[in-house]
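In the UniProt record's numbering, the protein residues as written are 1 to 214.
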C-alpha cells in the first residue's frame with residue numbers, strides 16, 4: 001500500500017481491534033428461563049412411540065386398555081392437542097398395518113451387479129430392500145394392486161425390484177429398471193457418472209413419497 005493508505009488502514013484497524021477485544025472479554029450472564037420447557041417437551045414426546053425392548057409402558061385407561069390417540073374430524077391421526085404441530089393432511093399407511101419386524105423369514109436376496117459407476121445406486125437399493133417395514137409392504141404387492149399411475153411410479157419400480165431380489169437368492173441381478181428411470185428419479189442423476197449414495201437415497205425416498213401422495 002501507499003504510505004497514506006497504509007496509515008489510514010492502521011487508523012481503521014486500531015478501533016476495530018479494540019471493539020473486538022471488548023466483545024470477546026465481555027462476561028456473559030445466564031439467567032433462568034421465564035417459562036419452563038417441560039410442558040412443551042412432554043407434548044413433543046407424545047408424538048413418538050418407542051419401538052425398542054425397553055420402551056416405557058403407556059398408561060392404561062379406566063377400562064384397563066390403552067387409550068386411543070386422538071383423531072381429527074376427518075378421521076386422521078393427530079398429535080396431542082396444543083403442541084403447535086398440525087395434523088398431517090394425509091396418512092399414507094395406518095399405524096396398525098405397519099410391522100417393524102420381518103413378517104416371515106426370507107433367504108438373503110440377490111446381489112447387484114455393478115454396471116459401471118453404479119455402486120452408489122446398488123448400496124442405497126440394498127439398504128431399502130432390507131428395511132423390514134418397507135419390504136413387508138412391497139412384498140405384499142398391495143401398492144401394485146391399487147396404483148393408478150399410468151407412467152412412472154417409484155413405488156411400483158421398488159416393488160418389482162424387491163420381488164426380483166428375493167426371488168433370486170444367491171445370484172446377482174442387474175437393477176436395469178432403476179437405471180432406466182434414473183432421470184425420472186432426479187434430473188441431477190446421470191448414468192455412468194459417479195454419484196453420491198446419500199443423494200440418490202434421498203431422491204429415491206422423495207420419489208416414493210410423491211408416488212404415494214399422488
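Don't be surprised by glycine CBs; every beta carbon is placed ideally from N, CA and C. No experiment lies behind these values; they were computed from the predicted model shown.
For residue j and residue i, the rounded distance between their alpha carbons
i           : j           : result
residue 146 : residue 35  : 50 Å
residue 20  : residue 12  : 13 Å
residue 18  : residue 30  : 25 Å
residue 107 : residue 165 : 10 Å
residue 199 : residue 131 : 18 Å
residue 24  : residue 182 : 52 Å
residue 124 : residue 209 : 16 Å
residue 116 : residue 161 : 19 Å
residue 179 : residue 192 : 10 Å
residue 76  : residue 47  : With a pLDDT of 45 at residue 76, under the threshold of 50, the modelled position of this residue cannot be trusted; read the value that follows with caution. Cα-Cα distance, rounded: 14 Å.
residue 42  : residue 32  : 20 Å
residue 92  : residue 213 : 7 Å
residue 85  : residue 149 : 31 Å
Local Cβ density within 10 Å of residue i, reported as buried at 16 or more and exposed below that
i           : result
residue 175 : buried
residue 187 : exposed
residue 153 : buried
residue 159 : buried
Bridge partners - residue i, DSSP secondary structure assignment
i           : result
residue 172 : 111
Range of the contiguous alpha helix (DSSP H) that encloses residue i
i           : result
residue 166 : 154-167
residue 100 : Element bounds for residue 100: n/a, residue is neither H nor E.
residue 47  : That residue, residue 47, is in no alpha helix (DSSP H); it is neither H nor E in DSSP.
residue 192 : Per DSSP, residue 192 belongs to no alpha helix (DSSP H) and is neither H nor E.
residue 205 : 197-213
residue 145 : 142-146
residue 120 : 119-129
Residue i vs residue j beta-carbon contact at 7 Å
i           : j           : result
residue 211 : residue 155 : yes
residue 172 : residue 113 : yes
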